[in-house]
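Below: the structure, in structure tokens.
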Amino acid sequence: MNDITPEDYHAYKPRPFTATERQDTTILFGGLHWRADRALEGVFENCGYRARRLPAATREDLLKGRELADIGQCCPTTFTTGNLANFLLQESARIGPEAVARDYVYLTAGACGACRFGQYHQSYELALRNLGMETFRMFLVGQDDLDQGAVQGGGLEVDTPLLLGAAWAILCTDVIRDFEYQVRPYEVEPGATDRAVAAAVEEIYEAMQARPPQGWKWGSLAWHLTTGYFVRALHRARRHFEAIEVDRLRVKPKVKITGEFYLQTAEGAPNHDIHHWLEAEGAEVYPAAVAVWFDYLIRFAGQEFEDRCGIAPYARLKFEALKLASRLLRRCYDQLRGTLKDIPHPLPYQHELRRLAAPYYDRRLSGGEGDMLIGKALWAHLRRKAHMICELSPYACMPNTMSIGAMAAALGKHPDLLYAPLEIKGDSEIHVFSRCQMILTEAKSRAQQEFDAALAKTDMTRGEAWRRLDARPEMKRALWRVPHRGAVGTAANGVLELGGGRL
Ligand code: SF4
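So in the working numbering, spot 242 of the sequence shown is number 656, and the numbers just go up one at a time.
And the structure:
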């Protein structure tokens, strides 16, 4: 006789987190790169919460995630599950499990969709059960609503000021990160960029922490869209970069990072620290901005209405409203880029990514990066944004597996596209590095050929190029922007600028 009843099957429901507990309870969160996570701490504090980012995920977290949750889940879920579990275990050893359940709550993003992203919290729940910590509280934030109300118990309001603050924290740190990756490979004094970035991110953290009151839903939205507050914060952050000296005539292949959201955003064990490995191998990395994901979410929502224009009431109006939202996002992002002399890359146009991917991948397929993975690879190649694409594909990720299959057709049409699809399991770095290195060798050779072609085009020797560079000291400053003169590489564009030519 089976004595399991339907009541045994129930969704996780956290104990309430009450307003009176707010002062003594720390909200845990994580999953982005450290700059964004630090700025988000400021946003939480500004909204009256105690908050703490989880430490960067490690190999031990991967192993703990495998031990505690579903072994077949994708590797980002395994890393984040193990990351939370190990933190809770360490804290339990320090203050006891009852105190951990009382003093911390975990806030995580979620969605319902075609992939594991809709089930992260279930993995966390399984891990908590396996740890015997079922009383620990965990709350979910959706990614498609500006005002999600209070969590169970009212201790946390997932409202417009909190969510918009989080969005602007991410935009500000996106542009800093993009700038950083264009400067560090060329810095004359090793470590100068990292020190400046640490100080700049603290400026953003303090600005987020001190955000003035902006009113509620629409008032807060209007304030964020019109204020010069974040531009001023980035101006303060910019001061830290002014003294950095660079040598931009170092020939380096440009490597665009694409792939699954978590793997392309994180820096460290989840992706074998591929960003820094590539830099150490002599590349300039073009990182993936989180803002591109925001833009994609807006485009994806707009497509639903676009397909219903003339059928569903107000579909056209809603479609146009979302197009406007995308334009406003771009405008805000461009204003922030402007504070760093437009050196951070602009956002790619979503309609262009969609058009490029269309022959290979249906735009309506959700899950992971959808059609963006193919769109971004073709865009970076055809628009001469990078010598090579490094695509980070998680082990056991369904959407990425589909994209890679479709990419085979795209590569058939564009055989000169240097594409390194890397399956990331978290414990196979030799395989990943070896595969990446093969394509990187070819990318280095292209960067060198391009540099030589730029010298030939401008009738300069290398010595002459360096002499002219000495005569233009502004070009040795981190905050000087190399104009795009038809080359992909920074050094080749620098030579073309010095010689007044174009490729
Ligand atoms: S996109 Fe892939 S790796 Fe990311 S959550 Fe979904 S299934 Fe997992």
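Note that CB positions come from ideal geometry on N, CA and C, so glycine has one too.
Alpha carbon to alpha carbon, how far is residue j from residue i? Give it in angstroms, no decimals.
i	j	result
N685	L677	6 Å
T607	T753	17 Å
E659	R598	10 Å
R652	E620	14 Å
C723	C586	35 Å
L831	L770	14 Å
A870	V665	15 Å
A766	P420	Going by the sequence as given, residue 766 is Glu instead of Ala. Their Cα atoms are separated by approximately 49 Å.
G445	R876	44 Å
E548	A425	12 Å
F493	T672	19 Å
Y710	L502	34 Å
N497	A513	19 Å
L545	A433	27 Å
L917	E656	30 Å
E695	A857	12 Å
E825	C811	Reading off the sequence, residue 825 comes out as Leu, not Glu. C-alpha separation (whole angstroms): 21 Å.
A465	A523	15 Å
C489	S842	12 Å
A879	V909	6 Å
H690	C804	13 Å
E474	T855	32 Å
R508	T440	16 Å
L796	V902	11 Å
T679	P430	32 Å
E571	S807	35 Å
S634	Y423	41 Å
E681	I688	7 Å
F644	R543	42 Å
L554	L731	30 Å
Quick one: using the 10 Å Cβ neighbour count with 16 as the cut-off for buried, is residue i buried or exposed?
i	result
K427	exposed
Q533	buried
P829	exposed
P626	exposed
S740	buried
D588	buried
Y775	buried
R467	buried
G716	buried
V611	buried
V602	exposed
E888	exposed
G914	exposed
I725	exposed
G556	exposed
S640	For the sequence presented, residue 640 should be read as Thr rather than Ser. It is exposed - the Cβ of T640 has fewer than 16 other Cβ atoms within 10 Å.
Q764	buried
D785	buried
I418	exposed
K670	buried
S817	buried
A624	exposed
R646	exposed
L738	exposed
Q487	buried
Below 8 Å on the Cβ atoms is my contact criterion, and I expect residue i with residue j to pass it. Report the Cβ-Cβ distance as a whole number of Å.
i	j	result
A499	L482	6 Å
V706	I584	Not really, about 11 Å apart at Cβ, beyond 8 Å.
C613	H654	The residue asked about is misnamed: residue 613 is Ala in this sequence, not Cys. Right, their Cβ atoms sit about 4 Å apart.
R751	P760	7 Å
Y520	M552	4 Å
F719	A729	5 Å
H801	K668	5 Å
G840	A683	7 Å
E539	F675	Incorrect: roughly 22 Å between the Cβ atoms, too far for contact.
A453	I618	5 Å
A861	R662	That pair is no contact at about 13 Å.
H447	R650	In fact, because the Cβ distance is near 21 Å, the residues do not count as touching under 8 Å.
G642	E435	Wrong, their Cβ atoms sit about 37 Å apart, outside the cutoff.
V615	R882	V615 to R882, Cβ: 35 Å. No contact.
Are there any heavy atoms of ligand 3 lying less than 8 Å away from the beta-carbon of residue i, as far as the coordinates show?
i	result
T753	This structure does not include ligand 3; its bound ligands are ligand 1.
Contact between the stretch 847 to 865 and the stretch 832 to 839 (3+ Cβ pairs under 8 Å) = yes
ask   = How about the stretch 560 to 580 and the stretch 450 to 461: do they share at least three Cβ pairs that are nearer than 8 Å?
value = yes
key: Meets three-Cβ-pair contact criterion under 8 Å: the stretch 680 to 699 and the stretch 879 to 894   = no
ask   = Are the stretch 811 to 831 and the stretch 790 to 800 touching by the rule of at least three beta carbon pairs closer than 8 Å?
value = yes
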